[in-house]
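So the sequences go chain by chain: A and B.
Sequential numbering of the first sequence, starting at 0, is according to numbering that gives the first Met the number 0.
Sequential numbering of the second sequence, starting at 0, is according to numbering that gives the first Met the number 0.
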Amino acid sequence: MEIQTGQETKPLTQRIIDAGGLVNLATYEAAGGYAAARQAITEMTPAEVRDLVKEANLRGRGGAGFPTGVKWGFVPPPEKRSLGHVYLVCNADEMEPGTFKDRYLMEYDPHLLIEGMIIAARAIGADVAYVFLRGEYYEAYRQLTQAIADATRLGYLGERLFDTDFKLHLSIHRSGGRYICGEETALLNALEGKRAQPRTKPPFPPASGAWGRPTIVNNVETLCNVPGILRNGADWYQLLGSGEDAGTKLYGVSGRVNKPGLWELPIGTTIRELIEVHAGGMKSGYTLRGILPGGASTDFLTTEHLDLKMDYGTIQAAGSRMGTGTMILMDDSVCPVAMARNLQHFFAQESCGFCTPCREGLPWLEQLLADIDAGRGKPGDLELLDKNSAFIGAPGNTFCLHATGAIEPLASALKYFREDFEAHIEQGRCPYAPQHIDKQAVEA
Amino acid sequence: MPHIKVDGVDYEVAEGVNLLHACLSHGLDLPYFCWHEALGSVGACRQCAVLAYKDENDSRGRLTMACMTPATDGTRISITAAHAREFRASVIEWLMENHPHDCPVCEEGGECHLQDMTVMTGHTSRRYRGNKRTWENQYLGPFINHEMNRCITCYRCVRFYDDYAGGTDLQAFGSRGRMYFGRAADGVLESPFAGNLVEVCPTGVFTDKPFSANYTRKWDLKSAPSLCSGCSLGCNTFASERYGVLKRIHNRYHVDINRYFICDRGRFGMDYVNSENRIRQIGERVDAGLFRPLEASDALQRAAGMIGTGRTVGIGSPRASVEDNHALRTLVGANNFCAGLGNREAALMALAGQLYSAMPEGAIPTLHEVEQADAVLILGEDILHTAPRLALAIRQAIRNESFAMAGDAGVPLWQDAGVRGHAQHAHSPVLVASMLATGLDDIAAQTLNASPGVLASAGGQIAHELSADYAAVDDLPDTAAGFVEAAVTALAAARQPLIVTGISAGERGLLEAAANIVAGLRSEECQPRLLICGAESNSFGVSLADAELAMETALEAVSSGSADTLIVLQNDLFRRADATLVAEALRRATNVIVLDSLANPTAEAAHLVFPAATVVEATGTLVNYEYRAQRFYQVFIPAGDIQPGWRWLADIASVQGREDMGWRQVDDVVRDCERVPQWSGISDAAPPASYRTPTGEKVPREPHRYSGRTAMVADVTLHEPKTPVDEETPLAYSMEGVNVNPPGALLPYVWSPGWNSNQSVFKFQQRVGGSLKGGDPGMHLAPLDNANAASTRDYSSNGDRQPSSSDAGNEAGFSLLSVPTLFGSEELSANAAAIRERMPNPYLILNPDDAARLEVTAGQGVRYAEYSLQVHIDAAIATGTAAIPVGMPGAPPWLPEGPVTLERDLDFTPPPTIIARG
């Protein structure tokens with residue numbers, strides 16, 4: 000089977016491309032907007048919506064890749080829960096360094112997210128929904144606020160949607176600003192007005208999330224995929240992907256490429272195609288050395304991995320994670336030690352401070368890297384980095400996966416670029432320093 | 000019971016516990032920080048990592064946090080595996096990056112959990128090269144020191160202070176490696192349980208401020224099992240001494256009572272022992288307020304002569320031991336003995352005894368049982384001020400609803416954050432009926448503020464609505480209707496409801512209503528419990544004494560001349576009866592002999608004063624609110640003439656040539672007390688002096704590292720002092736012998752190899768949170784015949800009860816009510832230096848209308864008799880009534896029943912505002 004001519008191939012971005020920018024309510028409706036929500040509420044049962052999304056094999060676009068329909072099924076059915084709210088929370092706290100995909104969707108097609116949330120709310124029986132929005136995303140806040148007002152005015156949000164008993168109240172919560180709020184349970188704590196620290200599991204949010212009530216947390220891009228699936232069906236969605244996974248993916252490339260940017264492509268597009276075709280290849284004079292495939296908290300890949308498909312299974316098998324699908328490239332002018340130090344600075348700073356390895360271990364790693372970067376490294380430092388990385392990074396050794404994510408680029412840098420670290424210690428200086436300065440001068 | 004395998008050894012473990020709990024219960028050494036038995040698990044420190052194996056074939060294992068993992072049947076783990084050991088050493092290394100190397104000058108040194116765990120994991124050398132983080136410390140009040148640089152961010156302080164004890168002013172601030180635990184700004188920690196931070200903090204961030212001012216290493220402290228003399232709950236404590244000074248009080252675990260926590264009055268109030276107001280010598284009054292020292296032999300001759308001449312009346316005390324009271328009663332005879340309670344208080348205590356006696360077995364809850372109540376009604380007693388540890392127990396009872404919800408959701412009950420996050424603000428109902436706002440109102444489903452009479456009526460109506468056996472109350476104000484309805488609904492739905500009341504309001508009706516509610520609730524499905532708070536540490540014990548004389552009768556006997564000699568045992572009579580009655584008796588008596596520990600107006604009026612030992616200088620028995628007799632032991636031999644009250648009395652009897660009081664040791668008195676049927680059983684409260692450990696030794700008061708024994712008094716004499724021999728108790732003034740699971744009543748301190756901190760308590764428990772291996776201290780007396788308990792008996796005495804309308808004001812004046820105050824009302828602790836800093840200025844609470852009538856505003860002064868009191872205004876108090884913190888220094892020690900006159904005090908100067916404190 001193949002995608003039929005005339006069927007959508009860019010369900011996330013085609014309207015934006017057509018409109019040449021912001022998709023307002025009229026444009027969105029003209030393009031068939033809110034028909035999927037109407038269909039989900041007036042023609043389908045919640046179970047049918049969940050089954051359709053499950054069948055389509057939509058996987059979480061926040062990075063973990065968990066099947067969305069399966070997650071929705073974890074909400075206890077009404078007969079197995081006490082009376083009260085069920086919450087849908089959209090995780091729009093996009094703070095992964097190098098990642099800007101959700102922002103694009105919210106700023107240019109806010110109704111797509113709202114429709115996705117209406118359908119998701121239908122699937123899980125939620126009556127209250129929140130967009131937990133990164134504090135700095137002011138434009139997204141502005142567009143979403145307008146879109147929610149417009150949708151409410153036309154009866155797409157509020158009481159008695161499409162003349163049924165179904166209701167949904169949607170609000171935006173602007174984050175006070177911590178990377179850890181991207182972790183869904185820390186997000187829920189922050190939403191409740193508590194310290195943004197991750198929670199113990201169990202209980203898992205679908206059973207006991209916001210205010211102790213059943214809660215589903217989905218990423219922006221995940222929710223934006225839902226209306227298309229309802230419009231076009233599971234088979235269509237499966238066909239969109241070019242590998243194991245289904246649908247399209249917003250891929251991004253940043254670094255010294257000719258055309259850094261963001262593209263909606265079949266999930267499973269190769270890294271090489273992303274860099275060489277869509278991003279226009281490396282800038283002249285720069286050679287690619289390392290790839291953080293899915294944001295700062297994923298393991299480095301190298302040029303030997305260029306032909307891998309960017310999907311969940313393939314990248315995982317190569318020892319990294321697809322993550323958000325927005326890659327950061329490291330070229331030969333960049334000192335891997337400095338880059339690792341910079342990343343550790345970020346992760347140490349963003350630790351919530353709850354558990355010891357993350358709170359106390361990451362700053363030590365940062366300090367060791369700073370010493371090495373500044374030529375103060377000592378024999379044994381790499382072994383210290385190795386040992387601490389292993390202990391801090393192993394999932395389960397820390398309370399949540401923040402430190403695991405922090406260690407992924409470091410441990411892989413130590414693996415792939417070890418000679419650079421050793422050179423720093425042996426020479427007592429950063430070997431990149433003069434070259435780095437030269438290249439900067441050329442660029443200028 | 001599940002079985003787990005730890006390093007190849009099979010262990011049976013309790014149902015529903017986590018692996019850390021299971022390992023510690025079996026005495027295994029597994030380091031931890033953030034976990035606490037009372038606080039549950041949160042998984043913050045990652046110190047208790049073990050290697051967990053999937054199945055029998057798994058040889059690699061996976062690092063797992065023991066505190067976060069259920070100990071299910073078949074679990075196989077390793078504590079000693081190299082990978083687990085290395086990870087735990089790493090955790091310590093991370094924690095120690097920023098921990099200062101100030102152990103030699105840190106108050107916690109030598110009993111620091113962080114030190115213990117560091118040594119246990121083997122982290123010895125420093126590899127971290129960065130600077131240590133530093134902080135500014137805060138002024139937190141007179142009780143607690145703050146030294147944030149030492150913090151290892153285990154979160155225990157805020158979890159105890161906020162989550163467990165309901166505090167709000169100590170919080171976690173900041174994030175990442177910059178976590179700060181303190182207040183938003185410098186200031187006194189508000190929680191009355193803040194002192195527990197000293198023991199909850201695993202290192203030296205929060206330390207005992209009075210102790211720190213002159214600290215002693217734990218290994219240099221001489222300690223003995225003691226009891227708190229602060230209220231009627233009977234919390235167990237460790238009292239510790241060096242250089243003849245009571246250094247500090249720590250919590251002593253009792254499975255049924257205080258478990259891991261005590262209140263700040265208990266911890267910091269015992270410093271009265273070191274007060275400058277102590278009576279340390281025998282004195283003979285030569286002029287008003289002027290005493291001449293006497294030799295003991297002379298004084299005893301004098302006393303014996305005084306008693307020999309005519310009739311002698313003896314007044315005992317609810318703050319003296321059973322033994323002391325018994326000695327006085329024996330000396331003067333039951334016909335001439337007054338138990339030392341004021342008339343009203345004695346009547347209420349008698350009623351309490353009568354009500355308790357009608358209860359079936361198990362109806363009087365231990366504090367631990369209080370924590371299991373699923374609905375609580377507090378009727379007219381402000382327990383945070385009269386029985387503070389009980390308020391902390393009730394704060395745990397509200398969690399039962401959340402435990403039920405967590406159970407349904409499959410969240411392990413020890414998973415503290417999980418339970419709290421899931422249940423959010425769901426609480427088991429607590430209903431608080433009180434005169435004024437209380438410190439438990441924040442957890443109350445509903446509150447009712449009214450005068451004690453109205454509260455009693457509300458209680459009566461609740462009883463009526465629960466059971467037709469009780470008459471309806473027809474004069475109940477409309478304002479109470481909602482509360483009554485809420486209380487009836489909550490109590491009727493509960494399976495283990497608890498009714499708490501007490502005597503502090505002086506209102507019989509409260510006790511009667513409480514008992515009727517309990518009787519009305521009882522059914523097959525419902526096991527209601529009743530808790531009546533007394534006032535003092537031995538109120539219940541002394542109320543059992545055969546005492547013929549009521550207080551006012553005893554005073555009358557002296558005033559009228561029918562008795563010529565008055566012996567007062569550890570009692571300030573001005574706190575028990577009207578000042579004119581007391582003064583008249585003291586004036587008319589030919590001889591007044593006082594035995595007491597602190598100077599007070601009664602002692603000042605005595606002809607002869609004997610210095611009596613305090614709880615830490617004597618051995619004796621106190622009986623708590625549940626009729627549990629518990630022994631306290633002499634911690635140190637006091638300087639000067641100080642002796643236990645019973646010994647002075649026996650010495651006097653001996654001079655008189657009497658043979659019936661020829662007691663040589665406290666055990667002799669205890670045995671003699673057994674002759675009083677109500678006190679029968681007190682010998683079993685603790686082992687006799689003849690007890691020896693299995694190794695044939697006495698239990699040492701001094702740890703084996705006790706130092707300086709030969710040099711301590713070198714400033715006085717170069718000769719090594721002879722070690723005192725303790726013939727009275729199974730404890731020794733020695734470091735010889737081993738403190739390994741002695742009978743619980745004899746546990747002088749907790750220490751175990753490798754475990755120098757108070758966390759070593761787990762080595763003394765049969766299992767974590769269970770009974771002590773040596774047996775739990777104390778013995779329930781069965782003083783009252785409850786064989787004829789009639790569950791439907793009506794205790795209301797409607798005929799006697801003052802109609803609630805009489806509480807309203809009238810032109811005749813104000814009726815005064817007592818408002819107990821945590822820091823100040825209790826006689827002894829009010830002499831502790833740190834407690835004094837926390838005492839409010841003497842005050843009086845008025846309704847706004849009355850204040851307007853008296854033309855005073857908040858902060859101004861009102862005069863009552865010779866007392867000048869600062870006005871507080873509170874709309875909750877009924878018009879025509881005024882509330883006074885009775886017994887607080889500067890406030891009247893006793894209140895009359897009739898109306899009194901109040902007037903504005905134009906000379907009143909508000910006390911100075913303190914702008915800085917050290």
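Cβ coordinates follow ideal geometry from the N, Cα and C atoms, glycine included.
Query	Result
Give me the chain A residues within the contact set of residue 94 of chain B, using Cβ-Cβ distance strictly less than 7 Å, ordered along the chain.	355 and 359
So, is residue 735 of chain B buried or exposed, given that buried needs 16 or more other C-beta atoms within 10 angstroms?	exposed
Using a Cβ-Cβ cut-off of less than 8 Å, give me the residues of the stretch 385 to 399 of chain A that come near chain B, in sequence order.	386, 387, 390, 393, 395, 396, 397 and 398
Whole angstroms are fine: how far does the CA of residue 372 of chain A sit from the CA of residue 339 of chain A?	10 Å
For the stretch 307 to 326 of chain A and the stretch 404 to 421 of chain A, state whether three or more C-beta atom pairs, one from each stretch, are separated by less than 8 Å.	yes
I need the straight-line Cα distance from residue 926 of chain B to residue 876 of chain B, nearest angstrom please.	Because chain B in this structure spans residues 0 to 917, residue 926 of chain B falls outside the shown range and cannot be described.
Residue 297 of chain A versus chain B: which residues are under 8 Å apart at the beta carbon?	In chain order: nothing, as chain B lies at least about 21 Å away.
Quick one, are the C-beta atoms of residue 604 of chain B and residue 591 of chain B less than 8 Å apart?	yes
Of all the residues that make up the stretch 101 to 131 of chain B, which are near chain A by a beta-carbon distance shorter than 8 Å?	126, 127, 128 and 129
Going by beta carbon distance, what residues of the same chain come within less than 8 Å of residue 45 of chain A, once the five residues before and after it are set aside?	121, 122, 123 and 124
Below 8 Å, can you find three or more Cβ-Cβ pairs linking the stretch 270 to 283 of chain A to the stretch 249 to 260 of chain A?	yes
Who are the neighbours of residue 38 of chain B on chain A, taking C-beta pairs under 7 Å?	Here the premise fails: no neighbours, minimum Cβ distance about 14 Å.
Helix or strand or just coil, what does DSSP make of residue 356 of chain A?	helix
For residue 655 of chain B, which residues from the same chain have a beta carbon less than 8 Å from its beta carbon, with the 5 sequence-adjacent residues on both sides left out?	303, 306 and 307
Is the stretch 227 to 240 of chain B close to the stretch 254 to 262 of chain B, with three or more CB pairs under 8 Å?	yes
Give the range of the alpha helix (DSSP H) segment to which residue 399 of chain B is assigned.	399 to 408
Within the same chain, show all residues whose beta-carbon is closer than 6 Å to that of residue 33 of chain A, passing over the 5 residues directly before and after it, in chain order.	114 and 155
Using a Cβ-Cβ cut-off of 8 Å, state whether residue 421 of chain B counts as contacting chain A.	yes
Strictly under 8 Å for the Cβ-Cβ distance: is residue 8 of chain A near chain B by that measure?	no
Using a Cβ-Cβ cut-off of 6 Å (strictly less than) and excluding sequence neighbours within five positions of residue 406 of chain A, which residues of its own chain qualify?	388, 391 and 392
For residue 498 of chain B, which residues of its own chain have a beta-carbon under 6 Å away from its beta-carbon, when the five flanking residues on both sides are left out?	376, 513, 516, 517 and 529
What does residue 210 of chain A reach in chain B if we use C-beta pairs closer than 8 Å?	423
In three-state DSSP terms, what is residue 545 of chain B?	coil
Under 8 Å between the Cβ atoms of residue 37 of chain A and residue 26 of chain A?	no
Could you work out which residues of chain B lie near residue 350 of chain A, taking near to mean beta carbons separated by less than 8 Å?	174, 175 and 176
For the beta strand (DSSP E) containing residue 330 of chain A, name the first residue and the last one.	325 to 330
Helix, strand or coil for residue 3 of chain B per DSSP?	strand
Grab me the residues of residue 72 of chain A's own chain with a C-beta within less than 7 Å of its C-beta, minus the 5 sequence neighbours each way, in chain order.	49
Could you pull the start and end residues of the beta strand (DSSP E) that residue 260 of chain A belongs to?	260 to 265
Using the C-alpha atoms, what's the distance from residue 264 of chain A back to residue 283 of chain A?	26 Å
Is the distance from the Cβ of residue 828 of chain B to the Cβ of residue 536 of chain B below 8 Å?	no
What residues of chain A sit near residue 75 of chain B, judged by a beta carbon separation below 9 Å?	By Cβ distance, chain A contributes nothing, its closest Cβ being about 17 Å from residue 75 of chain B, past 9 Å.
What's the C-alpha gap between residue 101 of chain B and residue 112 of chain B?	15 Å
Does DSSP put residue 532 of chain B in a helix, in a strand, or in coil?	strand
Applying the criterion that 16 or more other CB atoms from any shown protein chain within 10 Å of the CB defines a buried residue, is residue 215 of chain B buried or exposed?	buried
Residue 11 of chain B by DSSP, collapsed to three states: which one?	strand
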